[in-house]
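Residue numbers (this note's numbering), protein chains in the order written: chain A, 1 to 302; chain B, 1001 to 1342; chain C, 2001 to 2336; chain D, 3001 to 3512.
From the three backbone atoms N, C-alpha and C, an ideal C-beta is built for every residue, glycine too.
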Ligand SMILES: Nc1ncnc2c1ncn2[C@@H]1O[C@H](COP(=O)(O)OP(=O)(O)OP(=O)(O)O)[C@@H](O)[C@H]1O
Ligand SMILES: Nc1ncnc2c1ncn2[C@@H]1O[C@H](COP(=O)(O)OP(=O)(O)OP(=O)(O)O)[C@@H](O)[C@H]1O
Ligand SMILES: [Mg+2]
Ligand SMILES: [Mg+2]
């Protein structure tokens, strides 16, 4: 670590934040929260949008280094390929905090800490709920899975975590699993087709709320009751998802909160104050059942 | 035999054959794939899904067909879709009563008006300023997405409006409204281009701009009309997409649809170099692409193989359509038939 | 009917002089791009502190070495009257193959050879399909794009880190001259640009590319090897894209199947901004280099601006692009 | 000469296009050191024979022997390698490359694989000077007129060291002295033992240069003759199967005097119109029913003058009045709205739209004038199209065939028909008889004469001075992009007189 004396003379902390892009509502909420938290914490935020391109993010980080910001935070587009630029930051004695997504660097001294969710764990939580829920089920449990963009880290991990958890019960089987690109429109379209091809399905697991919400429309159009005929598990817990959960259309949501701004700012201050911070900070996240959702919904910001 | 060979030589034979083949292949995975029943007072079945699901692409491909016929291209359709959806949903969500038909119609009108303006922008850049179409529309592809996000503030705007929902998810006389809308727009376009001289003049401008100018055709005005029309079609598609899910997703709506639309147009037999165009072909191409998507879902092709599968289908289809390929592969047979004739 | 051909010789006036637009009309678009680029740079310098550093320009080369390489291949394809949508996917495939093979312990040299060969092969296949079976380039290369990206997915849907020493040193290496630095990748890309420019101007392949782009039918009737040229440009483009993949993996040492989405549009934009006509047969490689610089400069301005929100980033990029193209059009404008 | 072995022999050649038998059982022999004319009407199959020979088209039946070896070329490249150098009908060069490159591309002088540009420029300039052309060889080919492009194509073909040289209508847009130059070169090559195939619709030229000819009719060979044995009249009947009397009729016709015509209403009057780099200021008035011929050498500015009148190019200065009203020419549409029609000399890029059908091409200008919202009813289309297909004898007489697939001469007829149906007040025709066979040429001239008799004004441009003389009431002579003189076409005026005017000219700008 290094002292808070580096950088601007006015004593105000400057943070460079390199965001992935604005590919989803989740992401923009994340951006907004960080911006607001920075303002509240009196930290000057330099923000850049990489438009989903790793090279742009690297560029942005380099420019932060050149501008001698006090601390850099970023959500990596990809897990790998960061060693070089992180080393540059380290050489410039600028601490780096990773948000939301991890990197796979061997050398963990390259960054101070990671704050974000564990996608595998999210998948696991979803799977565990299903395993518990399926205990009561008389027959086989056939799951349709709506995946996020092929190749993206949340899709990979939420799929893997879920698969691992449902191993516990041989009754549970994934009968179909297709890419629905994290969007509502695709969720609806894919679910329409999968539902007809697999009428035996009775559970839907969607990698995010939006796909689940789209799928609900498809299920309703098919004359079935979402949440009853088809149990639905999703990840994220955005407001729309929570509303559906409270309405009984979704059965279980694993939270993946974009609201890590305050935690990030606290961590930043700690790091700059030279305090020891844990290498990995998980965002304060929980899971919601329908009852919990009803309770939590009123003060849901996002 | 002879009749069969004239049939196979028809422009639309191969896309149609591919469509039938794709649909049939679904039967192995879902036995009642072709079943259509009445449910809750409307038609229900995979084929209906395909038709309804293809409407946005059909519309976009329709506009794209005319643009391509003038030897242009419109990359901005996806952004137009996003902006139109955003404008419509934003206005509706601000209505005191989201279910008021008048309010929804006004919102739809404003959104389509915005689409026309965007089309005019493209058209002016291409026809008046003289910028190469791919670059002229690239500007709106990039900037337009930003505008859509600006309108939605990067979030998804939800609406709860039954009249609006009808556009994309409703039914009229058991038939999906989206399909009716698309059919009407397609029919109107066919009438408009083929019953007036518009089609001929567009084809002329597309295949030889210099000769057309010297024949007195005012290419500039035509080009302008065509880009405005393409944006209009994209706008209607944008309404259908956002109404189908009762929300506007400025970040993702219509993303990359331009590629699918161009693909549909080309499969339908319109050359990217401009000139002759086939609206029926483009519609068929669009439905084919949607059928391909649905087939991928139904057959459960693993996600990491999906793209390869698409590539194979596209290549096989294009090869089957290519006279050069048939000539080269079936050369032996053709030679013989000539000898018989001689 | 009397024959005119035997009539007395007449004092013939010199014919057909000065029947041209102007001597160097061909260079006008490129010159315009250059002038506007300088103007844009000037605006950057005037507005942002630290922008005047020459290193900024060199950084554009460093950051866009892969784009430049890809755009060079694209230039050949567009000059020949075609288009190649597969480049971004081939680049991604290149990074994935490289990463996968390096992880498997292959020697770097061999890996590079394999990646280049795969790229060239994909290009070759596309070119062959386009030429022999008369498939429109847009579609053939769109299928190529699906194929390349699909293969990348097939190898790994997860990003694969590259830890190879050679890769690491090449990535971190900077070649110093004077007070300035360039990366080996950038040097390589610039070198390739020079070679490609010479090849376009001074080799038969280069001139045939122009001829085919001008009028393919005429070129065939003139007895030019149209097939070889067309297949050649796509092969070259595949090769350049694969090389772009290697350069990209130097800068961001990872192999990932989703990298470079939409890069084909960047490459096409760079070529077209550089004054090359999409209809083929007219343009220069220098233009492409300038086009890449324009895109890089826009990105740099965005970075320097530093506080743009996500959507304003896009809107500003669109706006800058618009301003640039519009000015370029006005400068090069001829007859109405 | 006939005793020697032929260098090229085609036996029983057949070629079928969908719906058209282009060639059936055609034999063709070519001997070294001869000029062999390939004769036939438009659409007889001349160009197809050449394309089949050089591998542009697959051959459907028959065989080709070159130097006693069976050959079958898969493309022009192979034919070229085997020693056949060809100038195809229509200019087939690359307009986006420089003149020098068009001459040399494919066989550029190279050192170490790098093209020697300087040498290439020097040699191409020399080569073109050999054809009496003084061009800037670094300029883009597309910036030169069709005639010049044709000469460049010839220069390219002539320079390829070959055994066989094929020239498909090389002279269709050349004027007398260019033809002269070409023939000089052809004679030289012939004496060097080259075998030359020559296609032309100018019978005089054929009789001047050819030794032997093969006549085709409807894709079949009528016969092979030595030129000396076949008088022109017999050749014509061999080609078209009937005698040709129309031309004589035309000569007989009484022409109204210019003075009488100038009493009539002026259709268009240009005053001091000019365009930099294209043409010096000129004034020209064309009256109702008057045929004004433009005479001048290649590149003298006839086409430019015509384009200005039509608004195809914008004038820098000067003014137009149409039917007494001042008019600003904003573009072709303005001109068309005032009843001016322009039939370009460059039919391939500025004329027909190859992808469209004959019907669509014919109605295109009329439709454009009406605007897209008022389509011409189908019955009216059929009526018009049928009428002109018959009147101009367009073959195949199928209104739905693609124009691209028509023979060159037939494309020209389609173009003419396009403008005739607009019933213009002034018809500007730039080389309308380019590539048209003798019979059709006579028909077209007759038609123009008749139309002018009915009150249409015509501006007639042709490289063939006799044609200009035969039709025109008034002849405007251009030299060096300047209108130097306007002559009334009285009996004293003949080809020599015009040539003399062109040669001496009253021009002052003899600077360079
Ligand atoms: N690609 C093609 N497809 C279909 N028909 C064709 C094609 N090329 C030529 N034809 C037809 O073949 C016949 C012979 O044409 P060709 O061009 O050989 O005539 P030509 O003797 O050269 O005439 P011209 O003197 O007008 O140039 C014509 O009827 C023409 O319409
Ligand atoms: N400023 C210009 N830019 C480009 N092309 C031009 C320009 N001016 C004229 N041209 C082209 O050059 C040609 C000029 O015709 P040209 O000077 O040869 O007239 P001409 O006297 O009719 O000679 P020819 O016998 O060759 O037809 C036209 O076809 C026109 O398209
Ligand atoms: Mg011919
Ligand atoms: Mg002329």
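In this chain, the beta strand (DSSP E) harbouring residue 178/A covers 172-179. DSSP places residue 3110/D within a strand segment (E or B) once states are collapsed to three. Going by beta carbons, residue 263/A and residue 283/A fall inside the 8 Å limit. Distance from the CA of residue 172/A to the CA of residue 164/A, rounded to the nearest whole angstrom, comes to 12 Å. Going by beta carbons, residue 1167/B and residue 1090/B fall outside the 8 Å limit. Put simply, the CB of residue 203/A is far from chain B, with every gap to its CB atoms at 8 Å or more. Beyond the five residues adjoining it in sequence on each side, residue 3149/D comes within less than 7 Å, by CB distance, of 3091, 3093, 3141 in the same chain, given in chain order.
Exclusion of the five residues before and after residue 3225/D leaves 3213 as the residues of its chain whose Cβ lies within less than 6 Å of its Cβ. Residue 3143/D is not a Cβ neighbour of residue 3408/D, given a cutoff of 8 Å. The beta-carbon of residue 1325/B is placed less than 8 Å from the nearest beta-carbon of chain C. Residue pairing by DSSP places residue 2190/C opposite no residue, since no beta bridge is assigned to it. Partner residues in a beta bridge of residue 2027/C, as assigned by DSSP, do not exist. Residue 3029/D: member of the beta strand (DSSP E) spanning 3020-3030, first to last residue.
Looking only at 202/A, 214/A, 178/A, the smallest Cα-Cα distance to residue 184/A is reached by 214/A. For residue 1026/B, the number of other beta carbons within 10 angstroms of its own is at least 16, and it is reported as buried. For the region 1195-1215 of chain B, residues whose beta-carbon sits nearer than 8 Å to a beta-carbon of chain D comprise 1195, 1196, 1197, 1198, 1200, 1201, 1203, 1204, 1207, 1208, 1210, 1211, 1212, 1213, 1214, 1215. Taking the CA atoms as reference points, residue 2029/C sits about 39 Å from residue 82/A. The Cβ of residue 2160/C sits closer than 8 Å to at least one Cβ of chain A. Taken in chain order, the unbroken stretches of alpha helix (DSSP H) that lie wholly in the region 63-96 of chain A and span 4 residues or more are 83-91. Short note on residue 52/A: C-beta not closer than 7 Å to any heavy atom of ligand 1.
In the three-state DSSP reduction, residue 145/A falls in the strand class (E or B). Residue 2167/C counts as buried, since no fewer than 16 other beta carbons sit within 10 angstroms of its beta carbon. Per DSSP, residue 3482/D is one residue of the beta strand (DSSP E) stretching across 3482-3488. Nearest CB-CB separation between residue 1247/B and chain C: not below the 8 Å threshold. If you check the CB distance, residue 3349/D and residue 1211/B come in under 8 Å.
Within chain C, 2063, 2251, 2252 have C-beta atoms less than 9 Å from the C-beta of residue 58/A, given in sequence order.
Beta-bridge analysis with DSSP links residue 156/A to no other residue. Around residue 47/A, the beta-carbon contacts reaching into chain C at under 9 Å are 2306, 2307, 2308, 2309, 2310. The alpha-carbon separation between residue 1304/B and residue 2142/C amounts to approximately 17 Å. Under a 10 Å Cβ-count criterion, residue 3450/D is classified as exposed, with fewer than 16 other Cβ atoms of the shown protein chains found around its own Cβ. Near chain C, meaning a CB-to-CB distance below 9 Å, no residue of the region 1090-1116 of chain B qualifies. Contact between the region 130-140 of chain A and the region 109-117 of chain A is absent, with fewer than three C-beta pairs closer than 8 Å. Near ligand 1, meaning a Cβ closer than 5 Å to any of its heavy atoms, lie the following residues in chain order: 3017/D, 3020/D, 3022/D, 3042/D, 3043/D, 3044/D, 3045/D, 3046/D, 3047/D, 3048/D, 3405/D, 3406/D, 3407/D, 3408/D, 3409/D. In the DSSP annotation of this structure, residue 3163/D is not part of any alpha helix (DSSP H), being labelled neither H nor E.
At a cut-off of 8 Å between C-beta atoms, residue 78/A counts as an interface residue with respect to chain C.
Under a 10 Å Cβ-count criterion, residue 3265/D is classified as exposed, with fewer than 16 other Cβ atoms of the shown protein chains found around its own Cβ.
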